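*Asks:*
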Amino acid sequence: MQMSPRTVLLVIDVQNDFTPGGQLAVPEGDQIVPLINRLGGLFKQVVIAQDWHPTGHASFASSHPGRKPYDVIQLPYGEQTLWPQHCVQGTTGAEFHPKLDLPHAQLIIRKGCNPDIDSYSAFLEADRRTTTGLAGYLKERGIDTVYMVGLALDFCVMFSALDARAAGFNAFVVLDACRAIDMEGSLAAAMERMQTAGVGLIQSNQLI
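Using full-length UniProt numbering, the letters of the sequence shown correspond one by one to residues 1 to 208.
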């Protein structure tokens, strides 16, 4: 079925570093690409979010001597999980997966560009104050409903879904078009947080 022009497909972080062989690979992250391409054909409006970190970003363990990936530290805006270096601006790892085929996407929104602040969500950076401008863009385009797919379900997809709801949008996550890291129960916690916030958790066969 063709989706209403008041809906958008938000494709989150389907990049080489988040798929097998990348610096922060999500298990089976490449397997969702064909389904995302199919879903993209249902939407007039498609937006792609792209993690786009400068070298030496504050979220990289390598930026903190003596720290290792997955340590948790305090930054001025709160707790920060430290990650392997990934999605560095202009590198192959930051590029979209080569089989991602969404030529009609109208906007690429880059996040994590501030060297001092991480940004999981496509709407709001980790300081929870700095916006990416995506909510304003969607509202000006007359969008009221956001469908989300991509990587990783329990981090960037979840935070984008929560922030979509907080910004006043109807929000749905297409679960079989996402994959999770699932670190120390993070997937179960993410599912609960999304349900509590009123995010619709659906399967692609409810759309296709």
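Here a beta-carbon is modelled for each residue, glycine too, at the ideal position from N, C-alpha and C. All values derive from a computational prediction rather than experimental measurement.
Using the three-state DSSP reduction, which class does K139 fall into: helix, strand or coil?
*Replies:* Position 139 of the sequence shown, counting from 1, holds the residue named residue 139. K139: helix per DSSP, three-state reduction.
*Asks:* Buried or exposed for M183, going by 16 or more other Cβ atoms inside 10 Å?
*Replies:* Locating residue 183 in the sequence shown gives position 183, where the first residue counts as 1. M183 should be labelled exposed.
*Asks:* Distance check for L10 and L107, CA to CA, integer angstroms please.
*Replies:* On the sequence shown, residue 107 is found 107 positions in, with the first residue counted as 1. On the sequence shown, residue 10 is found 10 positions in, with the first residue counted as 1. Approximately 10 Å, taken between the alpha carbons.
*Asks:* For N205, does the count of other Cβ atoms within 10 angstroms reach 16, so buried, or fall short, so exposed?
*Replies:* Here residue 205 refers to the residue found at position 205 when the sequence shown is read from its first residue. Classification for N205: exposed.
*Asks:* Check the DSSP bridge columns for N170 and list the partner residues they point to.
*Replies:* Sequence index remark: in the sequence shown, residue 170 carries index 170 (1-based). DSSP, once it has assigned bridges, lists T145 as partnering N170.
*Asks:* To the nearest angstrom, report how far apart T130 and L35 are at their CA atoms.
*Replies:* By 1-based counting over the sequence shown, the position of residue 130 is 130. By 1-based counting over the sequence shown, the position of residue 35 is 35. When rounded, the distance between both Cα atoms is 32 Å.
*Asks:* Candidates C87, V26, L175: which alpha carbon is nearest S119's?
*Replies:* Locating residue 119 in the sequence shown gives position 119, where the first residue counts as 1. Out of C87, V26, L175, C87 has the C-alpha closest to the C-alpha of S119.
*Asks:* Expressed to the nearest angstrom, what Euclidean distance is found between the alpha-carbon atoms of E192 and L162?
*Replies:* Position 192 of the sequence shown holds residue 192. Position 162 of the sequence shown holds residue 162. Answer to the nearest angstrom: the Cα atoms are 11 Å apart.
*Asks:* Under the assumption that K139 contacts A122 (Cβ atoms under 8 Å), give the Cβ distance between them as a whole number of angstroms.
*Replies:* On the sequence shown, position 139 is the one that residue 139 refers to. On the sequence shown, position 122 is the one that residue 122 refers to. Not quite, the Cβ-Cβ distance comes to about 14 Å (not below 8 Å), so this is no contact.
*Asks:* Please tell me whether I12 and V174 are closer than 8 Å, where the distance is taken between their beta carbons.
*Replies:* To locate residue 12, count along the sequence shown from 1; it is residue 12. To locate residue 174, count along the sequence shown from 1; it is residue 174. Cβ distance not < 8 Å, so I12 and V174 don't count as in contact.
*Asks:* Which partner residues of W83 appear in the DSSP bridge assignment?
*Replies:* As a position in the sequence shown, residue 83 is number 83, starting the count at 1. Paired residues: F60.
*Asks:* Do V146 and V8 come within 8 Å of each other at the CB atom, strictly closer than that value?
*Replies:* Position 8 of the sequence shown, counted from the start, is the residue given in the question as residue 8. Position 146 of the sequence shown, counted from the start, is the residue given in the question as residue 146. Yes, Cβ-Cβ distance for V8 and V146 is below 8 Å.
*Asks:* Exposed or buried, what is M1 when buried is set at 16 or more other beta-carbons lying within 10 Å of its beta-carbon?
*Replies:* Residue mapping note: residue 1 aligns to position 1 of the sequence shown, counting from 1. Exposed, because fewer than 16 other Cβ atoms sit within 10 Å of the Cβ of M1.
*Asks:* May I ask you to report which of helix, strand or coil DSSP gives F43?
*Replies:* Taking the first residue of the sequence shown as 1, we reach residue 43 at position 43. In the structure shown, F43 sits in coil (DSSP, three-state: anything other than H, G, I, E or B).
*Asks:* Would DSSP call F96 helix, strand or coil?
*Replies:* Residue 96 sits at position 96 when you count from the first residue of the sequence shown. F96: strand per DSSP, three-state reduction.
*Asks:* Please state if the CB of Y77 and the CB of I117 are separated by a distance shorter than 8 Å.
*Replies:* For this step, residue 117 is matched to residue 117 along the sequence shown. For this step, residue 77 is matched to residue 77 along the sequence shown. In this structure, Y77 lies closer than 8 Å to I117 by Cβ.
*Asks:* Taking DSSP as the reference, what is the three-state secondary structure of L187?
*Replies:* Locating residue 187 in the sequence shown gives position 187, counting from the first residue. Reduced to three states, the DSSP call for L187 is helix.
*Asks:* Among T196, L153, N170, A105, which one has its Cα closest to the Cα of A177?
*Replies:* Against the sequence shown, residue 177 aligns to sequence position 177. Comparing Cα-Cα distances from A177 to each of T196, L153, N170, A105, the minimum goes to L153.
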